[in-house]
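Peer 1:
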Amino acid sequence: MDALLSVEDFTMHYRTKAGWVQAVDGVSFALKRGQALGLVGESGCGKTSVAMSIMRLLPYNAEIKHGRITLGGRDVYAMASEEFRQVRWKEISMIFQAAMNALNPVYTVGSQIVEAIVEHEPETTEEQARRRVAELFDLVGIPADRADHYPHEYSGGMKQRAVIAMALACNPSLIIADEPTTALDVIVQDKILREMEEIRRRINMSMIYISHDISVIAEVSDIVGVMYAGKLMEIGEADDVFKRPRHPYTYGLMHAYPSILGAKRDLATIPGEPPNLMAPPAGCRFNPRCDRATDECRAVEPKLIKAGPEHRIACHNPVWTPSSGGERVGAAR
Amino acid sequence: MIPGHARAGGPSGALRPAPRFGREQLKARVITMRRYMLGRVGQLVLTLLIYMTMVYFLMQAMPGDISQVYLANPRIPQAARLELKKQLGLDRPPFFQYLSYIKNFFTGNLGVSFSHYPRPVWDILVERLPRTIVLFVTANCLSFYVGFVLGRIIAWQRGATVDRMATVVGITFWTAFYPLLSLILIWLFAFTLNRLPLNQFIEPALWIKAPFTSNTVFGYMVLGASVIALAVFLIFWVFRRGLRRTRRSAAMAWAMTAGVIGLAIWIAHATGTLIYIWDIIRHMILPVCTLTLINFAGTMLLMRDSMLETVQEDYVMAARAKGLPDNVVRDRYAARNALLPTVTSLVLSLASSMSGGLVTETMFSWPGIGQVLFRAAIGNDYPLATGALVFTGVFLLVAHFVADVLYAFLDPRISYTGQPAAEG
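Quick look at the structure:
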């Protein structure tokens, strides 16, 4: 099957008074229909910028340096804006970071979903659209009569669910969920993630989850991409990446989170801070924080290379973990 | 590829009747709103009492009194003078005068004007106040609308040529010396181009043979305009309420609006008042336009600032992501939310332009309440001056009330119970 979404060597920089911020640099990945991709990385590593690039919602000071994003074979940035407006929500929708503010406070939640439906489906009457809203509310677990209420009458979790219902409204083939559950407590977060996953599998939809929380990504993704400082460091099937991480950054990130079930151990931290994206370090962008860095890492920028059938890494000096739970080979931290 | 819509809630979902959005909500809102409005009216009456008291004693504190002007006529014998003074109630202590004023006020008796003796104050106010109110409300609504529309456009195209130009032009008028600007406009349109009347409220030559008084015609005109406004509002509410604003519904709404206005013109024509109404409207054009030019920049810049904040909001981004057309994102999302803080400015600008009404009325010789108030204050005509001030105040309190209701109507987050709505 063809890729639904493909991002090829996409590079996007922000122009600021102080200089160019290299927010997204040479990112490539492809997503098949029905697959869920998880993008993980520290705050400010360019995850949301990737999402906004795919949605073509970049601010005015963003400039695409090179690369291409295609959705269902069509180049997103070659489409006329009116043509792409029709693609939005119909084919690709989004669950926003801070869903709390993604609803217009002066209209009822239901009418905001109806609005999206009737905009994209001229043949659907408002009556039918309202019925669909009731179904969607059922699906995400909100009482249908709450559609008449205003956003401020919703709890945080309900707003999140409503935003999910809104994203599902036009049956898109791809949903980008940008930190969909970050604002919620862990129990609600887990519940909503499971429900989203269930819906996604049921209707064979593709999804991009974006989170800084590796446990969220681990729970729901088929493919995992690890971003660092605007670059994709490692991407592969979730099993490969989580059980046999090859990139030192992925390895560090995984050990920076506690495991409830695993043995008690001190959390390993990655020393240092993410680089300033206006002047990223030469060579590998992770090299100043990497304990495996060599002269090569400091001089030559690593390309994404194949490390397995569906596994690619950008590292000169990868970690090798032979199997799940295996000992890490290499310098001790 | 993508399964059909019905799958979302399973097959049973399709059989369920569509929920009626808003019906229950609306009912609950109306009940709480009524309670809120009653409480608000109570507050306003209290405010009015305080205001009346202040106005009354400020009048009393003015130097001199009517007895010196009106009772000092040497041809009136002393006894008659005292008798007259007693008759006007000016011999009693001020506090008792005040009490009887308050008592009379609420029984609809504002007293008799000293300078227009024996014409009751109420009579003069009924004649003059509507002219002032109509002039200033029209001008303020127009300048609010112009400011709102321009502010919306320039905020959406921030930094573009239209933004810079509108800002420069707006600020220029905003800071212009008002009497000078009105003189320039009178000179240009009334004198040089000779398109509009110079001043006054009516053209005496036209009215001399008129079978009606100007006040009757003016009254019908105001009534008719209110009915038309209400009808147009209802038409647009009915036809443009839905989310799918089609070309057809727009055409219907506009056609019906044209029909209503046509009908009104026909009625005016049939009753023979059309030329007289047109005469009054012609006389309103210059003052209204001058006030609009002076005032629109305030709303415009406020709207611009307010909207530059709302365009940053996540829901505007979400609306774009939803693939809504640009003008819908602008109007229903960014501008609709930016409108809320500017509503307050509508009342404030109404208040400030009313209080500066004397200047406008003098420049255009508009026979309104400002001139009456000025002459009454100069001539120590307490009942008239007090009445004019109090009723200007009453009007502004009513305007505040309308703004409160409007605000509550526009922003669902406003809680009528007096507590802020619970968030999240």
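Order-wise, the sequence lines are chains A and B. Counted from 1, the first sequence has number 184 at position 184 by the working numbering; the numbering is strictly sequential. Counted from 1, the second sequence has number 423 at position 423 by the working numbering; the numbering is strictly sequential. Note that CB positions come from ideal geometry on N, CA and C, so glycine has one too.
Would B/V311 count as contacting chain A if we go by Cβ distances under 7 Å?
Peer 2: no
Peer 1: Within the continuous alpha helix (DSSP H) that includes B/I294, where are the two ends?
Peer 2: 274-310
Peer 1: How would you call A/E83, buried or exposed, if buried means at least 16 neighbouring beta carbons within 10 angstroms?
Peer 2: exposed
Peer 1: So that I know if they touch, is there some Cβ in chain B lying closer than 7 Å to that of A/R85?
Peer 2: yes
Peer 1: Can you find a CB in chain B that lies within less than 7 Å of the CB of A/L253?
Peer 2: Chain B, which has no Cβ nearer than 7 Å to the Cβ of A/L253, makes this no.
Peer 1: One question on the structure: do B/L324 and A/E119 come within less than 7 Å of each other, judged by their Cβ atoms?
Peer 2: yes
Peer 1: By how many angstroms is the C-alpha of A/I192 removed from the C-alpha of A/L304?
Peer 2: About 33 Å.
Peer 1: In the segment 10-62 of chain A, which residue ranges form an unbroken alpha helix (DSSP H) of at least 4 residues, counting only runs that do not cross its ends?
Peer 2: Taken in chain order, the whole alpha helix (DSSP H) runs of length 4 or more contained in the segment 10-62 of chain A are 47-55.
Peer 1: May I ask you to verify whether the segment 66-73 of chain A touches the segment 288-306 of chain B, counting CB pairs closer than 8 Å and requiring at least 3?
Peer 2: no
Peer 1: For A/E195, go through chain B and note every residue whose CB falls closer than 9 Å to its CB, in chain order.
Peer 2: Those within 9 Å of A/E195 in chain B number zero; the least Cβ separation is about 13 Å.
Peer 1: From what residue to what residue does the beta strand (DSSP E) around A/L174 run?
Peer 2: 174-178
Peer 1: Cβ of B/P19 less than 7 Å from any chain A Cβ?
Peer 2: Confidence at B/P19 is low in this model, with a pLDDT of 45, below 50, so the placement of that residue should be treated as unreliable; the coordinate-derived value is given next. So yes, B/P19 belongs to the interface.
Peer 1: Chain B partners of A/H66, CB-CB under 8 Å?
Peer 2: Going along chain B, no residue has its Cβ under 8 Å from A/H66, so there is no contact; the nearest lies around 25 Å.
Peer 1: Please work out which residues of its chain come closer than 6 Å, Cβ to Cβ, to B/E361, disregarding the five sequence neighbours upstream and downstream, and give them in chain order.
Peer 2: G368, G370, Q371
Peer 1: Quick check: what's the CA-CA separation for B/V222 versus B/V137?
Peer 2: 12 Å
Peer 1: Kindly list, in the order they appear in chain B, the residues whose Cβ is closer than 9 Å to that of A/R88.
Peer 2: R320, A321, K322, G323, L324
Peer 1: By the criterion of Cβ-Cβ separation under 9 Å, what are the contact partners of B/R247 in chain A?
Peer 2: Scanning chain A for C-beta atoms nearer than 9 Å to the C-beta of B/R247 yields nothing, as the closest lies near 12 Å away.
Peer 1: Can you find at least 3 beta carbon pairs, one from the segment 111-129 of chain A and one from the segment 193-212 of chain A, that sit closer than 8 Å?
Peer 2: no
Peer 1: Identify, in the order they occur along the chain, each residue of the same chain with its Cβ nearer than 7 Å to the Cβ of A/K159, setting aside the five sequence neighbours on each side.
Peer 2: A99, M100, L103, P151
Peer 1: Give a yes or no on whether 7 Å exceeds the smallest Cβ distance from A/Y150 to chain B.
Peer 2: yes
Peer 1: List, in chain order, every chain B residue whose beta-carbon is nearer than 9 Å to that of A/L103.
Peer 2: D314, Y315, A318
Peer 1: CB-CB under 6 Å to A/V76, same chain, minus the five flanking residues each way: which ones, in chain order?
Peer 2: R56, I69
Peer 1: To the nearest angstrom, report how far apart A/D138 and A/V220 are at their CA atoms.
Peer 2: 22 Å
Peer 1: Considering Cα atoms alone, identify which of A/G141, A/A167, A/G110, A/P274 is closest to A/E127.
Peer 2: Nearest to A/E127 by C-alpha distance, out of A/G141, A/A167, A/G110, A/P274, is A/G110.
Peer 1: Inspect the beta-carbon positions of A/S6 and A/A23 and report whether they are closer than 7 Å.
Peer 2: no
Peer 1: Between the alpha carbons of A/D145 and A/A134, how many angstroms are there, rounded?
Peer 2: About 8 Å.
Peer 1: Could you work out which residues of chain A lie near B/Y333, taking near to mean beta carbons separated by less than 8 Å?
Peer 2: N104
Peer 1: To the nearest angstrom, how far is the alpha carbon of A/G157 from that of A/V21?
Peer 2: 34 Å
Peer 1: Are the C-beta atoms of B/P383 and some chain A residue less than 7 Å apart?
Peer 2: no
Peer 1: Looking only at its own chain, which residues have a Cβ that is under 8 Å from the Cβ of A/L267, when we skip the five neighbours before and after it?
Peer 2: H255, A256, Y257, P258
Peer 1: What is the rounded straight-line gap between the Cα of B/R158 and the Cα of A/Y60?
Peer 2: 12 Å
Peer 1: Quick one, are the C-beta atoms of A/G308 and A/R298 less than 7 Å apart?
Peer 2: no
Peer 1: Let me know the alpha helix (DSSP H) ranges lying completely inside the segment 314-398 of chain B, each 4 residues or longer, listed in chain order.
Peer 2: 314-321, 336-355, 357-363, 369-378
Peer 1: Is the Cβ-Cβ distance between A/A229 and A/C45 less than 7 Å?
Peer 2: yes
Peer 1: Does any C-beta atom of chain A lie closer than 7 Å to the C-beta of B/V405?
Peer 2: no
Peer 1: May I ask you to report which of helix, strand or coil DSSP gives A/L4?
Peer 2: A/L4: strand per DSSP, three-state reduction.
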